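For what it's worth, numbering that gives the first Met the number 0 labels the leading residue of the sequence shown as 0, then goes sequentially.
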Amino acid sequence: MADYLVIVESPAKAKTIGKYLGKKYIVKASMGHVRDLPKSQTGVDVEHNYAPKYITIRGKGPVLKELKTAAKKVKKIYLAADPDREGEAIAWHLAYSLGIDADSECRVVFNEITKSAIKDAFKDPRPINMDLVDAQQARRVLDRLVGYNISPLLWKKVKKGLSAGRVQSIAVKMIIDREKEIKEFVPKEYWSIDGSFTYNKETFEAKFYGMDGKKRELGSKEEVDEVLSRLKGSEFSIKKVTKKERKRNPVQPFTTSSLQQEAARKLNFRAKKTMMVAQQLYEGVDIGKEGTIGLITYMRTDSTRISNTAKEGAKAYIEEKFGEEYTRKGKRADKQNNNAQDAHEAIRPTSVEKDPKGIKQYLSRDQYRLYKLIWERLVASEMAPAVMDTMSVDLENNGVTFRANGSKIKFPGFMKVYIEGRDDGKKEKEKFLPDLKEGETVQKQKLQENQHFTQPPPRYTEARLVKTMEEMGIGRPSTYAPTLDTIQRRNYVALEDKRFIPTELGEIVLELMAEFFPEILDVEFTAKMENDLDYIEEGRQNWIQIIDEFYQGFEKRLKVAEEEMKEVEIRDEPVGEDCEKCGSPMVYKMGRYGKFMACSNFPDCRNTKAIVKEIGVKCPKCKEGNIVERKSKKQRKFYGCDRYPECDFVSWDKPIARPCPKCSSLLVEKRTKKGVTVQCTECDYKEEPN
């Protein structure tokens with residue numbers, strides 16, 4: 000019979016921890032929260048210090064009953080939920096439900112699920128930290144007061160099913176503001192002149208830099224012609240050669256935000272998917288003889304700090320695999336975000352000895368790719384800087400200067416393991432220059448003048464939006480992924496080519512919010528509120544006082560909005576074709592999985608159709624239908640025959656309107672890291688991207 004009961008959130012975590020604790024311990028899962036505010040009402044007693052009215056979550060009765068039964072059979076109960084505000088609140092609710100004294104040493108926390116971390120944690124249990132609980136309660140109450148008061152107003156005035164929240168409203172505002180910037184952007188013309196030169200039979204590239212010793216921008220074709228008219232002959236003198244050695248330091252280990260950004264760049268993961276896979280790696284994966292083991296540390300963190308044990312492990316691994324010269328010398332200055340709580344370590348592998356390749360067979364494809372990213376980032380962060388040899392050369396002809404820049408890796412350092420991704424998706428390349436010497440000459444081969452126009456700021460990707468929110472102090476590691484998920488599910492924004500665009504509904508709701516609840520959309524106000532929640536966690540602020548300061552002003556605005564907010568009618572957009580069943584006009588509707596076509600005579604006629612887009616390719620299977628672009632329930636594009644279900648042709652890759660020159664079969668476009676590759680679906684014919 001067990002002496003101790005340990006309660007965690009998930010069965011996977013319970014399985015991993017149970018392996019380390021032995022027979023005296025029984026480990027069970029609460030399946031997350033067991034108590035929460037009721038869904039049917041606000042659940043906050045405004046008249047009595049904003050007291051939350053907690054109830055047992057529907058469906059959690061059997062779970063609680065099982066936990067209570069197990070609790071009666073043991074000497075002591077330990078609450079081992081995740082090491083953050085949410086985990087502390089889960090532990091507090093469990094303590095209440097099971098009759099455990101919150102001031103007793105019942106709380107156990109660990110940042111990683113490994114044997115040593117678990118054993119150490121159970122040697123040092125502590126009481127429940129009510130400051131952490133209060134910070135979680137304050138966020139929950141605050142979001143409930145905002146959501147459950149504004150949302151019904153939006154249902155009444157705009158459309159049922161809408162919601163409003165502090166962080167999600169700011170995120171929508173950022174996306175809409177960016178769209179306005181793009182629409183109002185006025186392109187500015189500019190020109191460049193690219194030159195091809197030879198030196199000792201070696202060819203290299205240089206760009207126009209300036210005239211008469213000064214840098215100069217080219218704004219028109221006339222200015223380009225002025226430059227070209229100054230040139231005499233094809234000979235340029237090498238006026239100046241500058242050689243430098245530049246060090247490049249490795250990036251720091253992952254925080255939640257940087258992991259989401261890098262997983263988006265390199266793995267094409269959505270924020271929600273990144274956190275789901277990271278949770279699996281944290282809670283434990285069965286890796287053969289060793290059994291189930293946690294592979295990474297806790298994945299909700301804003302710190303780049305790592306333990307001395309992790310540093311020493313990484314150093315030993317680097318010395319063994321690459322040599323002592325690849326290890327980092329001296330201390331690294333861990334730069335923290337100004338808003339960082341620094342409650343946990345960075346996200347890192349629990350053991351650097353668990354090389355991704357060595358355990359690949361036990362991981363799913365997504366688990367392996369994310370683990371490999373985290374593992375490589377940690378190892379690289381403890382490696383020596385890369386050393387680059389850079390070279391800048393000024394070429395001159397009659398006062399016109401062209402400049403060539405080159406670089407090569409002298410010592411790869413951390414770059415041997417990992418190089419951070421870029422938002423533009425491009426890979427860094429070495430750019431070699433010949434061994435040019437001042438006073439000598441080079442020969443011009445070709446000059447190419449190019450017209451350009453400045454581009455508007457790009458729309459936000461999920462990664463870029465998370466990064467900007469973090470920089471502005473909006474939200475915290477645990478809120479990024481849920482926020483992005485919510486604004487898409489509410490149809491306030493949509494993803495188009497992996498970039499956010501606002502919807503008409505999003506713009507309408509934001510306009511109403513800006514008019515009646517401007518503080519909700521105030522970045523400084525929202526960032527201050529996040530800081531106040533941090534102060535509550537640190538015991539420096541009273542949570543009831545923070546809520547009261549907000550609610551006093553909010554309540555007044557709410558009364559004004561209820562009286563003055565006008566009803567908004569969102570008319571269905573006509574498709575331009577009639578229903579084939581009843582002849583009424585078809586209109587565009589918004590559903591759970593995005594836009595679709597429906598009969599305007601609803602509910603008398605319930606005809607609906609998916610929105611399809613022809614791509615100008617005949618179906619290669621039935622030879623009668625046309626290939627159309629469709630979207631799956633997860634909004635992923637695919638291509639199929641418009642005669643479905645009569646013809647079941649389907650392809651994830653986009654078919655193109657010309658046959659394979661080798662076997663006359665269907666050609667498709669495949670997107671790779673290098674670009675778009677055209678290849679045959681039957682033979683080995685392939686066209687590499689330029």
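Positions of the beta carbon are idealized from the N, C-alpha and C atoms, including for glycine.
Owing to the predicted nature of the structure, the values given are computational and were not obtained by experimental measurement.
**OP:** With DSSP as the reference, please indicate the residues paired to residue 194 in a beta bridge.
**Re:** In the DSSP output, where bridge partners are listed per residue, residue 194 has 205 and 446.
**OP:** Would you grab the beta carbon distance between residue 49 and residue 543 for me? Rounded to a whole angstrom, and I think it's under 8 angstroms.
**Re:** Contact check for residue 49 and residue 543: beta-carbon distance about 6 angstroms, within the 8 angstroms limit, so the pair qualifies.
Subject >> Whole beta strand (DSSP E) elements within the stretch 2-74, 3-residue minimum >> reply: Secondary structure remark: continuous beta strand (DSSP E) runs of at least 3 residues inside the stretch 2-74, in chain order: 3-7 and 24-28.
Original post:
Along the chain, where does the beta strand (DSSP E) that runs through residue 315 open and close?
Top reply: Premise fails: residue 315 lies in the alpha helix (DSSP H), 307-321, not in any beta strand (DSSP E).
Original post:
With respect to the beta strand (DSSP E) encompassing residue 533, which residues constitute its N-terminal and C-terminal limits?
Top reply: Per DSSP, residue 533 is not a residue of any beta strand (DSSP E); the alpha helix (DSSP H) it occupies stretches across 522-536.
**OP:** Sort 617, 386 and 595 by Cα distance to residue 249 and report the nearest one.
**Re:** Answer by Cα proximity: 386.
Subject >> In DSSP terms, what residue 640 is bridged to >> reply: Partner residues in the beta bridge of residue 640, as assigned by DSSP, are 626.
Original post:
Looking at the structure shown, is residue 463 part of a helix, part of a strand, or coil, going by DSSP?
Top reply: In this structure, DSSP gives residue 463 a helical state, which the three-state scheme calls helix.
Original post:
Any idea which residues DSSP pairs residue 405 with across the strands?
Top reply: Paired residues: 390.
**OP:** For residue 383, collect the residues of the same chain with a Cβ closer than 8 angstroms to its Cβ; drop the 5 residues on either side in sequence, then sort them by chain order.
**Re:** The residues are 324, 325, 326, 327, 328, 410, 412 and 413.
Original post:
Beta carbon of residue 452, beta carbon of residue 188: below 9 angstroms?
Top reply: Taking a C-beta distance under 9 angstroms as the contact criterion, residue 452 and residue 188 qualify as a contact pair.
Original post:
Across which residues does DSSP place residue 494 in a beta bridge pair?
Top reply: Under DSSP, residue 494 shares a beta bridge with 499.
**OP:** Please name the residue in 230, 458, 570 and 605 whose C-alpha comes closest to that of residue 181.
**Re:** Its Cα nearest to that of residue 181, the residue 458 stands out among 230, 458, 570 and 605.
Original post:
If we ignore side chains and look at the alpha-carbon of each, how far apart do residue 317 and residue 378 end up?
Top reply: Each residue's Cα considered, the two are about 7 angstroms apart.
**OP:** Could you tell me if residue 709 is buried or exposed, where buried requires 16 or more neighbouring beta carbons within 10 angstroms of its beta carbon?
**Re:** Only positions 0 to 689 of the chain appear in this structure, which leaves residue 709 out of reach.
Subject >> CB-CB length for residue 6 against residue 76, believed under 8 angstroms >> reply: Right, the Cβ-Cβ distance comes to about 7 angstroms (below 8 angstroms), so this counts as a contact.
Original post:
Which residue from 305, 416, 400 and 302 puts its Cα closest to that of residue 354?
Top reply: The option with the nearest alpha carbon to residue 354 is 416.
**OP:** Out of 492, 514 and 685, state which residue places its alpha-carbon closest to the alpha-carbon of residue 666.
**Re:** The candidate whose alpha carbon is nearest that of residue 666 is 685.
**OP:** Could you check the C-alpha separation between residue 149 and residue 481 for me, to the nearest Å?
**Re:** Straight across, the Cα-Cα distance linking residue 149 with residue 481 is about 19 angstroms.
Subject >> Status (buried if at least 16 other CB within 10 Å, exposed otherwise) for residue 376 >> reply: With 16 or more Cβ atoms within 10 Å of its Cβ, residue 376 is classed as buried.
Subject >> Cβ-Cβ separation, residue 601 to residue 559 (assumed contact under 8 angstroms), whole Å >> reply: Their Cβ separation, rounded to whole angstroms, is 36 angstroms, which puts residue 559 and residue 601 out of contact at 8 angstroms.
**OP:** Taking residue 381 as the reference, give the member of 679, 304, 517 and 564 with the closest Cα.
**Re:** Of the listed residues, the one whose Cα sits closest to residue 381 is 304.
**OP:** Quick one: grab the DSSP three-state call for residue 432.
**Re:** Coil, per DSSP.
Subject >> Euclidean distance between Cα positions of residue 30 and residue 16 >> reply: Roughly 15 angstroms between the two C-alpha positions.
Original post:
residue 351 and residue 313 look like a contact to me (Cβ under 8 angstroms); what is the Cβ gap, rounded to whole Å?
Top reply: Right, the Cβ-Cβ distance comes to about 5 angstroms (below 8 angstroms), so this counts as a contact.
Subject >> Proximity test, residue 150 beta-carbon vs the ligand NAD heavy atom, cut-off 8 angstroms >> reply: Questions concerning the ligand NAD fall outside what the structure shown contains, since it holds no ligand whatsoever.
**OP:** Can you say whether residue 296 is buried or exposed, counting buried as having 16 or more other CB atoms within 10 angstroms of its CB?
**Re:** Around the C-beta of residue 296, 16 or more other C-beta atoms lie within 10 Å, and the residue is accordingly described as buried.
**OP:** Give the DSSP-derived three-state secondary structure of residue 509 in the structure shown.
**Re:** It is helical.
**OP:** Could you tell me if residue 184 is buried or exposed, where buried requires 16 or more neighbouring beta carbons within 10 angstroms of its beta carbon?
**Re:** Using a 10 angstroms sphere on the CB of residue 184, the tally of other CB atoms stays under 16, which defines it as exposed.
Original post:
When DSSP builds the beta bridges, which residues end up paired with residue 598?
Top reply: According to DSSP, which records beta bridges pairwise, residue 598 is partnered with 585.
**OP:** For residue 339, name the three-state secondary structure that DSSP assigns.
**Re:** Bear in mind that the predicted position of residue 339 carries a pLDDT of just 48, short of 50, making it too unreliable to give a figure here.
Subject >> Contiguous beta strand (DSSP E) assignments of at least 3 residues, all confined to the stretch 202-252 >> reply: Inside the stretch 202-252, DSSP marks whole beta strand (DSSP E) runs of 3 or more residues at positions 234-247, from first to last along the chain.
**OP:** Report back the beta-carbon spacing between residue 203 and residue 509 to the nearest angstrom; my notes put them in contact at under 8 angstroms.
**Re:** Taking the Cβ atoms as the reference, residue 203 lies roughly 52 angstroms from residue 509, outside the contact range of under 8 angstroms.
Original post:
Taking the runs of the alpha helix (DSSP H) that are 4 residues or longer, which of them lie wholly in the stretch 254-308?
Top reply: DSSP runs (the alpha helix (DSSP H)) wholly in the stretch 254-308: 255-266 and 270-282.
Original post:
Given that a residue counts as buried once 16 or more other Cβ atoms are within 10 Å of its Cβ, and exposed if not, what is residue 532?
Top reply: By the neighbour-count criterion, in which 16 or more other beta carbons inside 10 Å mark a residue as buried, residue 532 falls on the buried side.
Subject >> Where the alpha helix (DSSP H) containing residue 708 begins and where it ends >> reply: Missing from the structure shown is residue 708; the chain here goes from 0 to 689 and no further.
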